[in-house]
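Each residue of the sequence shown is one higher than the last, beginning at 9 in my numbering.
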Amino acid sequence: MSDFERVAALDEIPENGRLSVVVDDIPVLLVRTGEKFYAIEDVCSHDGQPLSDGPIENGQITCMRHGAKFDLATGAAKRMPATTGIRVFAVELRGTDIYCRESDGAVQPAELQTTATALPTADSGCCGGHNHAATTTTCDQHAPASDVPSAPRSLDEKMLEALRQVIDPELMVNIVDLGLIYSINYDGAKAYVDMTLTSPMCPAGPQLVQQSKMALERLREVDEAVIKIVMTPPWSPDRMTDEARDQLGIF
Ligand code: FES
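And the structure:
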């Protein structure tokens, strides 16, 4: 069996994020769920699709192409059309670095000690890849330039509800449940929204911006809505809510 090799620094993978690396010339996906780190072969055993963008739930990753599922710890195929598993890799955390090596069987995830404090939660993954729609908290990277106070909770809910009226014309799912809203702030008259698109080339971008602006400015409390498109971090399917997954038939 090969030796452990360094594949990344801890701060390259945010909480609930993922990172593509190479181990022994094999494409590997590092996955962090909370304080746990897994490493799996980044190739679906069904037809070779990378698993990098697949949603993760209950310790399993779903292939975006035909829906196969694989266990993160064992690599076992958990849903058709995959009938064989994928390779898994042992992970070790050494100081501020992540090491991997191929494993013969199931692996225990490497776990971060709670005393570690230098970990990213608002860096490359912008608040750890969380769906920002659920909160008015902004990360340093995406906060508007001015120090805008957060909206009261009730108004926050109203603004999210307004934005749920805006539907992505390609996926036919509202932009909040798609996870396109990164942050909302309010300064007593203006609403500031950072939102993203499912891809930088999304042709619906201008339409979504305009409709979001109009939806917010219909609220009595909002004189003006300032919508900013941000592409960092990029959107990924794991930002979607369960409702969006249900609508798109992703289980
Ligand atoms: S390529 Fe992954 S399920 Fe078909």
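We put the beta carbon where it would ideally sit given N, CA and C, even for glycine.
Nearest candidate by alpha-carbon position, reference residue i, set the options
i       : options                               : result
Gln-121 : Ile-258, Arg-253, Asp-11 and Leu-18   : Leu-18
Ala-199 : Lys-236, Glu-119, Gln-215 and Asn-182 : Lys-236
Glu-229 : Asn-66, Met-203 and Tyr-194           : Tyr-194
Arg-40  : Met-203, Glu-23 and Glu-165           : Glu-23
Met-218 : Thr-206, Trp-243 and Leu-171          : It should be pointed out that residue 218 corresponds to Gln in this sequence rather than to Met. When each option's Cα is compared against that of Gln-218, the closest is Leu-171.
Ser-207 : Asp-254, Ala-114, Gly-113 and Leu-179 : Leu-179
Arg-26  : Leu-38, Val-15 and Ile-34             : Leu-38
Arg-226 : Lys-77, Glu-169, Asp-105 and Met-88   : Glu-169
Thr-240 : Ala-252, Val-51, Pro-214 and Ser-191  : Ser-191
Cβ-based burial, residue i [other Cβ within 10 Å; buried from 16]
i       : result
Gly-196 : exposed
Glu-49  : buried
Ser-53  : buried
Pro-117 : buried
Asp-11  : exposed
Val-201 : buried
Ala-124 : Bear in mind that a pLDDT of 36 at Ala-124, under 50, signals an unreliable position, so the model cannot answer this.
Ala-114 : exposed
Met-209 : exposed
Gly-133 : Its pLDDT being 37, under 50, Gly-133 is placed unreliably by the model, and the measurement read from it follows with that caveat. Result: buried.
Arg-14  : exposed
Asp-250 : exposed
Asp-148 : Interpretation of Asp-148 is limited by its pLDDT of 38, a score under 50 that renders its predicted location unreliable; the figure taken from the coordinates is listed afterwards. That one is exposed.
Ala-126 : Residue placement at Ala-126 is poorly supported in this model, since its pLDDT is 34, which falls under 50; the coordinates still yield a value, given next. It is exposed - the Cβ of Ala-126 has fewer than 16 other Cβ atoms within 10 Å.
Ser-162 : exposed
Thr-91  : exposed
Thr-70  : buried
Ile-106 : buried
Asp-112 : exposed
Residue(s) in a DSSP beta bridge with residue i
i       : result
Glu-13  : Cys-108
Tyr-46  : Val-39
Asp-79  : Gln-68
Asn-182 : Ile-175
Met-203 : Ile-189 and Ile-237
Lys-198 : Glu-232
Ser-28  : Leu-37
Glu-119 : Lys-44
Residue i, enclosing beta strand (DSSP E) - first and last residue
i       : result
Glu-225 : No beta strand (DSSP E) holds Glu-225; the alpha helix (DSSP H) holding it covers 213-225.
Asn-193 : 189-194
Val-238 : It is not in any beta strand (DSSP E) - Val-238 carries neither H nor E in the DSSP assignment.
Asp-98  : In the sequence as presented, Asp is not what sits at residue 98; that position holds Ala. Run containing Ala-98: 96-102, per the beta strand (DSSP E) assignment.
Ala-85  : 85-87
Residue range of the alpha helix (DSSP H) that includes residue i
i     : result
Ala-7 : Limits of the chain in this structure are 9 at one end and 259 at the other, which puts residue 7 out of reach.
C-beta atoms of residue i and residue j nearer than 8 Å
i       : j       : result
Leu-188 : Met-203 : yes
Arg-73  : Gly-83  : no
Ala-47  : Phe-97  : yes
Val-184 : Leu-216 : no
Ala-81  : Gly-93  : no
Pro-63  : Pro-242 : no
Glu-43  : Glu-119 : yes
Lys-221 : Ala-233 : yes
Glu-100 : Asp-32  : no
Gly-67  : Asp-79  : yes
Met-248 : Leu-205 : no
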